[in-house]
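Take a look at the structure below.
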Amino acid sequence: MPFPLPKPVLPAAPTTFPTYRYLGDRLARFTGSPLVGQRCHALRDARGKCIRGRNGSMLVTFETGPAVVLARQLRKLPAP
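Per my numbering, the very first residue in the sequence shown carries number 29; after that it's consecutive.
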């Protein structure tokens with residue numbers, strides 16, 4: 029019977045996560061997507077890291093719900 033592995037000790041995640049503004053990709057800007065210019069927050073996994081895709085996408089939440097957007101089109105807003 030294998031012995032149980034110890035749980036990793038993770039550093040405490042910051043209490044405030046950065047807010048981003050979505051600039052929109054070319055298609056979203058030309059079609060007049062309502063998400064362009066909106067504020068969003070990155071969704072994080074259990075370790076507190078942003079969920080990123082292989083092609084440079086990022087999973088974020090807008091006021092209307094979650095969406096996958098190009099991370100290069102996100103700009104971090106200064107902390108209040």
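Where is the CB? At the ideal position from N, CA and C, for every residue including glycine.
- Under the DSSP assignment, Ala70 falls in the beta strand (DSSP E) whose first and last residues are Arg67 to Ala70.
- Close CB contacts of Asp53 within its chain, under the 7 Å cut and outside five residues either way in sequence, are with Leu98 and Gln101 (chain order).
- In this chain, Thr47 is not harboured by any alpha helix (DSSP H); it is covered by the beta strand (DSSP E) spanning Thr47 to Tyr50.
- Collapsing the DSSP output to three states places Ala95 in a strand.
- Rounded to the nearest whole angstrom, the C-alpha separation of Tyr48 and Lys104 is 4 Å.
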